[in-house]
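Visitor: Take this structure first; my questions come after.
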């Protein structure tokens with residue numbers, strides 16, 4: 001081809017293109033080959049050459065750089081020639097079955113190059129049976145009575161043997177102006193990179209993977225963030241994981257309370273008390289009074305909970321410590337105050353004094369005040385060396401920690417907590433217990449500082465019928481408490497009502513041992529809790545309410561109790577009582593469902609489906625839906641949903657109706673679940689399209705009934721509208737309790 005003569009160098013990548021050039025030229029099917037034109041040039045030019053015979057193919061070959069080429073046949077028309085190769089070092093163009101006559105070639109170039117035209121002829125005299133000799137990827141054509149096998153576009157060879165051309169290996173064989181080229185058998189595809197899709201005008205545009213859950217692999221709890229060509233999944237605050245998998249961080253939900261440390265292990269958590277689980281540091285050199293040191297010490301290895309003991313002090317100093325104290329260069333002190341026992345675990349800043357700056361370095365630590373008058377510290381590795389946590393030697397003289405209403409005094413040779421007020425406590429009648437009223441219990445509490453004023457040790461208090469109560473001796477809050485269950489008739493608990501409120505009363509008899517030996521005084525006190533009557537409290541005031549109850553076990557939250565009851569008024573204060581309910585038709589009946597447990601306010605009670613059947617079988621083929629997919633029936637105007645998916649209780653009502661036929665009893669089945677309102681949207685929007693149904697989950701079944709009919713069933717003429725029929729019978733409620741943690 002003379003490329004060296006043209007002064008053009010071919011790099012390593014271009015060698016494959018050269019071989020393709022040769023492979024194409026040498027594989028042309030031909031019985032004869034004739035050179036029609038060959039000439040060298042140094043600039044643009046126009047020349048003529050003659051085609052004097054019938055040829056199968058013309059190859060126009062350039063050697064050297066050209067900008068463009070035009071070829072015109074005898075009919076003076078510019079031909080649509082096929083480009084085989086077009087590179088800076090040379091080109092090949094193919095013309096099939098050229099016409100006889102004078103041809104014109106026009107070349108635009110600014111440098112030396114050569115033009116060569118070669119003609120190929122295929123002679124085959126027999127047409128019968130020879131087309132089968134062509135390769136499957138070749139075409140069989142007859143030209144001037146002669147048979148020709150030609151490889152199809154995308155293949156190379158002599159027609160009898162054709163192999164695939166990798167169009168992606170050469171830029172002039174494909175038109176992928178966007179994305180990237182992928183070779184196929186006989187052709188190629190132009191594909192966009194991952195994260196892009198084809199746009200208008202042969203372009204690739206970014207795919208917003210966050211626009212649909214089907215386009216990304218983010219966990220349902222994760223937040224999807226779109227980027228050019230890709231996306232990122234991030235678990236929200238309070239949720240741990242890499243975004244493709246998210247697990248609710250139970251510790252972030254304060255499941256252990258403020259006084260316990262929460263630790264996550266995989267998807268489970270554990271609670272521990274740092275007042276019990278810690279490491280003791282008994283190192284006198286930590287004292288701020290220590291201005292002499294032999295070794296410069298550094299707390300680079302301190303990570304975890306520690307308690308300071310020993311002659312150096314039991315607490316960190318709360319003011320800036322001079323440099324070169326505590327056997328270190330930069331002593332670390334507490335920039336803030338120590339917590340009281342009621343504060344739980346608190347976060348503080350520890351500062352290091354150096355170069356005249358009292359807080360040249362800082363570290364975040366946690367502190368808890370423990371029963372017994374000491375603190376524990378969750379220390380972090382010192383931010384530099386040499387830095388060490390110091391202790392205050394004066395803390396040895398203040399070894400008591402008191403509540404807000406107490407003060408530390410040095411009495412009879414030791415420190416202790418005493419009530420702050422000046423009121424004198426000289427007799428048992430001066431004691432003033434407080435009463436706290438909970439949902440399920442009454443708490444009667446004495447302050448230990450008042451008991452100590454009477455020289456009473458809580459260990460010497462005898463409570464009558466103590467087996468009925470839980471006694472709490474809390475050294476953290478310095479209180480002595482008695483917990484009583486709110487169950488009327490249990491251990492002397494009484495209950496009365498005035499129609500609007502319920503009154504729980506309990507009398508307690510305390511006997512006090514003086515010096516642990518003799519009995520001189522007794523104290524009788526009465527505690528009262530008053531509750532406004534509501535759906536829950538009214539059940540306690542009823543003698544024999546019709547109610548269903550089950551225990552629900554959960555992971556981490558504790559056990560919950562789900563209850564459902566039937567009421568005869570819209571204020572849900574008067575539950576039906578007895579073994580069964582007898583009702584007239586068209587009576588409005590009120591249904592209440594609620595949760596009881598450690599903290600039911602975190603969950604919303606959701607009624608998913610409620611339907612009636614003429615038998616106690618939930619799968620009875622005869623069904624009439626009152627609530628479906630969390631929404632009231634559109635065909636029954638008597639259905640009213642007062643509350644659903646909003647709080648830990650749900651309420652709805654409807655007018656009773658009867659099934660057509662000889663049915664004397666009716667059953668109601670409700671499928672409900674408890675929804676975690678912190679991670680899920682629990683309340684449904686019933687306007688427009690209906691809410692989506694919840695996936696099937698493990699259920700717990702409850703049964704209430706029966707309801708018996710007091711009037712005759714309607715005649716067959718009334719069967720046309722089911723919503724107007726009257727239902728009387730037994731109510732069976734299937735409560736499907738599902739604790740949803742955010743996963744759909």
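In the UniProt record's numbering, the protein residues as written are 1 to 744.
No residue lacks a Cβ here, since even glycine has one placed at the ideal position from N, Cα and C.
Between the Cα of residue 282 and the Cα atoms of 391, 653, 340 and 304, which residue gives the shortest distance?
Guide: For the residues 391, 653, 340 and 304, the minimum Cα distance to residue 282 belongs to 391.
Visitor: Comparing alpha-carbon positions, which option in 651, 323 and 74 lies nearest residue 639?
Guide: Cα-wise, what sits closest to residue 639 is 651.
Visitor: Just checking, does the segment 460-478 make contact with the segment 490-497 on the three C-beta pairs under 8 Å criterion?
Guide: Result yes; three or more Cβ-Cβ pairs closer than 8 Å.
Visitor: For a test of the three-state rule: what should DSSP assign to residue 393, helix, strand or coil?
Guide: Helix, per DSSP.
Visitor: How close, in whole Å, do the beta carbons of residue 74 and residue 99 come, if the pair is a contact with beta carbons under 8 Å?
Guide: The pair is a contact, with the Cβ atoms about 5 Å apart (cut-off 8 Å).
Visitor: In angstroms, rounded to a whole number, what distance separates the CA positions of residue 474 and residue 273?
Guide: The straight-line gap from Cα to Cα measures roughly 15 Å.
Visitor: Run the CB neighbour count on residue 478, radius 10 Å, all protein chains shown included, and call it buried at 16 or more, exposed below.
Guide: Under this definition residue 478 is a buried residue.
Visitor: Using the Cβ count rule (16 or more neighbours within 10 Å means buried), how would you classify residue 303?
Guide: Burial call: exposed.
Visitor: Around the Cβ of residue 35, are there at least 16 other Cβ atoms within 10 angstroms (buried) or fewer (exposed)?
Guide: Exposed, by the Cβ-count rule.
Visitor: If you check the beta carbons only, do residue 472 and residue 454 fall under 9 Å apart?
Guide: No; because the gap between Cβ atoms is not below 9 Å, this pair is not in contact.
Visitor: Spell out the partners DSSP gives residue 543 in its beta bridges.
Guide: DSSP output for residue 543 lists no bridge partner at all.
Visitor: Using the Cβ count rule (16 or more neighbours within 10 Å means buried), how would you classify residue 182?
Guide: Flag for residue 182 reads exposed.
Visitor: Between the segment 596-613 and the segment 573-585, do three or more beta carbon pairs fall short of 8 Å?
Guide: No, they do not touch.
Visitor: Report yes if the C-beta distance between residue 357 and residue 332 is below 9 Å; otherwise report no.
Guide: No, the Cβ-Cβ distance between residue 357 and residue 332 is not below 9 Å.
Visitor: Using a Cβ-Cβ cutoff of less than 7 Å, which residues in the same chain neighbour residue 252 once the five nearest sequence positions on both sides are dropped?
Guide: Only 238 meet the Cβ criterion.
Visitor: Measure the beta-carbon distance from residue 305 to residue 279 and round it to whole angstroms, keeping in mind my assumption that it falls under 8 Å.
Guide: Yes, they are in contact, since the Cβ atoms of residue 305 and residue 279 sit about 7 Å apart, within 8 Å.
Visitor: What are the start and end residues of the alpha helix (DSSP H) that includes residue 452?
Guide: Start and end: 448-453.
Visitor: Jot down the residue ranges of each uninterrupted beta strand (DSSP E) in the UniProt domain "EGF-like" (164-205), minimum 3 residues, whole runs only, in chain order.
Guide: Counting whole runs of 3 or more residues, the UniProt domain "EGF-like" (164-205) contains the beta strand (DSSP E) stretches 180-184, 187-191 and 196-198.
Visitor: Exposed or buried, what is residue 312 when buried is set at 16 or more other beta-carbons lying within 10 Å of its beta-carbon?
Guide: Residue 312 is buried by the Cβ-count criterion.
Visitor: Mapping the DSSP letters down to three states, classify residue 467 as helix, strand or coil.
Guide: DSSP places residue 467 in helix when its eight states are reduced to three.
Visitor: Is residue 509 helix, strand or coil when you go by DSSP?
Guide: Of the three classes helix, strand and coil, the one that applies to residue 509 here is strand, per DSSP.
Visitor: Could you check whether residue 139 and residue 121 sit closer than 9 Å to each other, using their CB atoms as the reference points?
Guide: No, these two residues do not count as a Cβ contact at 9 Å.
Visitor: Out of curiosity, what's the CA-to-CA distance linking residue 574 and residue 568?
Guide: If I take the Cα positions, the gap works out to 6 Å.
Visitor: On the DSSP bridge list, what partners appear for residue 120?
Guide: 33 and 57.
Visitor: Taking DSSP as the reference, what is the three-state secondary structure of residue 368?
Guide: It is a strand residue.
Visitor: Cα separation between residue 715 and residue 622?
Guide: Only weak support exists for where residue 715 lies, its pLDDT of 47 falling under 50; the value from the coordinates is given anyway. Taking the straight line joining both Cα atoms gives about 18 Å.
Visitor: Do you know whose CA, among 174, 102 and 178, lies nearest residue 184's CA?
Guide: Comparing Cα positions, the closest option is 174.
Visitor: Taking only runs of the beta strand (DSSP E) that begin and end inside the segment 260-348, which ones reach a length of at least 3 residues, in chain order?
Guide: List check, beta strand (DSSP E) in window: 261-265, 268-272, 279-281, 304-308 and 330-335.
Visitor: Hey, is residue 200 close to the ligand ATP, as in C-beta under 8 Å from one of its heavy atoms?
Guide: Absence of the ligand ATP is noted for the structure shown, with no ligands found whatsoever.
Visitor: Contact between the segment 655-672 and the segment 524-542 is defined here as three or more beta-carbon pairs at a separation below 8 Å; is this criterion met?
Guide: Contact between the segment 655-672 and the segment 524-542 is absent, because fewer than three Cβ pairs lie under 8 Å.
Visitor: Return helix, strand or coil for residue 717, following the three-state DSSP convention.
Guide: Below a pLDDT of 50, predicted positions are generally treated as unreliable, and residue 717, at 40, falls in that range; the measurement from the model is reported next regardless. Three-state DSSP puts residue 717 in a helix.
Visitor: In chain order, what residues of the same chain have a beta carbon less than 7 Å from the beta carbon of residue 108, not counting five sequence neighbours either side?
Guide: So the list reads 44, 66, 67 and 68, once near-sequence residues are dropped.
Visitor: Mind checking who residue 378 pairs with in its DSSP beta bridge?
Guide: Paired residue(s): 305 and 366.
Visitor: Out of 71, 83 and 119, state which residue places its alpha-carbon closest to the alpha-carbon of residue 32.
Guide: The shortest C-alpha separation from residue 32 is found at 119.
Visitor: Would residue 57 and residue 105 be called neighbours here (beta carbons separated by less than 9 Å)?
Guide: Not in contact: residue 57 and residue 105 (Cβ atoms no closer than 9 Å).
Visitor: Starting from residue 457, follow its DSSP beta bridges and name the residues at the other end.
Guide: Paired residue(s): none; residue 457 is not in a bridge.
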